[in-house]
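In this note's numbering, the protein residues as written are 1185 to 1372.
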């Protein structure tokens, strides 16, 4: 076949790679949007859990029962894990924008998948540990004499349960981000 002045063989579509890069660009835009959702979910979870406290009066106003998130190390780990993941996702946004501009970049996507997977593991560990404590707070465990505290500390339990929702949304979003990046890498 003959080639024209642009180096493209005659009879060949010069934009044959455009649909492939167009799909990768679309995946990169979706990746960016999902990262924004992950930021809001994890940051809202960290703030919600970090500001959770409730004080109940006992017989007198001088004796009070208090429930605070940092009374339980698991909740502290939850706040730290969500904060770290939120900061990581914010720091990964420029690379996500780079993938929108250069949709064929593969090495940076591989690095991003590795770090995304690590952050997914951290977030899953924090959310799972906090979910176990929230379950105990709601239901207790009569075999070990752990009583449910949610009848007394209703606001505390509602906020901790709500913060778990945002964290689990972040987990689902990170799974989708890893999947989208894997699809973009595997495309020829």
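Beta carbons are placed, not taken as given, at the ideal position from N, Cα and C, and that holds for glycine.
C-beta neighbour in chain C for residue i, strict 9 Å
i, result
"residue 1263", "Of the protein chains in the structure, only one exists, and it is not chain C."
Straight-line Cα distance separating residue j from residue i
i, j, result
"residue 1226", "residue 1206", "30 Å"
"residue 1273", "residue 1327", "41 Å"
"residue 1307", "residue 1359", "11 Å"
"residue 1277", "residue 1221", "12 Å"
"residue 1195", "residue 1295", "Residue placement at residue 1195 is flagged as unreliable, the pLDDT there being 47, under the threshold of 50; a coordinate-derived value is accordingly withheld."
"residue 1213", "residue 1366", "15 Å"
Residue of the options minimising C-alpha distance to residue i
i, options, result
"residue 1300", "1279, 1236, 1348", "1279"
"residue 1297", "1362, 1261, 1370, 1264", "1362"
"residue 1260", "1365, 1349, 1344", "1344"
"residue 1265", "1281, 1286, 1234, 1292", "1234"
"residue 1350", "1217, 1219, 1228", "1228"
Secondary structure of residue i, DSSP reduced to three states
i, result
"residue 1327", "helix"
CB-CB length for residue i against residue j, believed under 8 Å
i, j, result
"residue 1303", "residue 1269", "5 Å"
"residue 1355", "residue 1311", "6 Å"
"residue 1316", "residue 1332", "So it is not a contact: roughly 14 Å between Cβ atoms."
Status (buried if at least 16 other CB within 10 Å, exposed otherwise) for residue i
i, result
"residue 1236", "buried"
"residue 1370", "exposed"
"residue 1288", "exposed"
"residue 1338", "exposed"
"residue 1285", "exposed"
"residue 1230", "buried"
"residue 1305", "exposed"
"residue 1364", "buried"
"residue 1368", "buried"
"residue 1208", "buried"
"residue 1275", "exposed"
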